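J.: First residue of the sequence shown: 25, per my numbering; consecutive thereafter.
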Amino acid sequence: MPIYEYRCQSCHLVSSFFFKAASAATDVTCEHCGDAGVERIMSAFAQGRTEADALRDLDPRYYKMVDDALGKAPSTSDPAHYLRQMAPFSAAEKAGDPYFHE
Ligand SMILES: [Zn+2]
């Protein structure tokens, strides 16, 4: 039985459906938010493709989605946030060595 997967344009989650015939794969709505704006995607598992193949075929919009999400994330989730809080070596030298004591 074929598995059809659809990615929701609204919530970007994937809905999986089983259809007895391809002709039945109509009027599909997102099973997460109910939005009708779903887009058929190929199931990497069903086609026996490798994960690398699937990654290569990733929708460019997915990368944008990740970029947007990272941009909206709080600054503490940014690895550079911690870097910025660290004292530069030049400052540490002036103040002596605050981290190691003999
Ligand atoms: Zn949805």
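Every residue, glycine too, gets a C-beta built ideally from N, C-alpha and C.
Please read all numbers here as calculations on a predicted model, not as lab measurements.
1. Give me the Cβ distance between Val-62 and Ser-39, rounded to the nearest whole Å; I'm assuming they're in contact under 8 Å.
2. In terms of alpha-carbon separation, which member of Phe-42, Thr-53, Phe-43 lies closest to Ser-34?
3. Among His-105, Phe-113, Pro-103, Tyr-28, whose alpha-carbon lies nearest the alpha-carbon of Arg-64?
4. Could you check which residue in Asp-51, His-36, Asp-77 has the C-alpha nearest to that of Cys-57?
5. For Met-89, which residues of its own chain have a beta-carbon under 7 Å away from its beta-carbon, when the five flanking residues on both sides are left out?
6. Tell me whether Ile-87 is buried or exposed, calling it buried when 16 or more other Cβ atoms sit within 10 Å of its Cβ.
7. Find out if the Cβ-Cβ distance for the pair Asp-59, Cys-32 is shorter than 8 Å.
T.: Put simply:
1. Right, their Cβ atoms sit about 7 Å apart.
2. Thr-53
3. For Arg-64, the closest C-alpha among the options His-105, Phe-113, Pro-103, Tyr-28 is that of Tyr-28.
4. Selected option, being the one with the closest Cα: His-36.
5. Closer than 7 Å at the Cβ level, and outside the excluded window around Met-89, lie His-36.
6. Reading off the sequence shown, one finds Tyr at residue 87, where the question assumed Ile. Classification for Tyr-87: exposed.
7. yes
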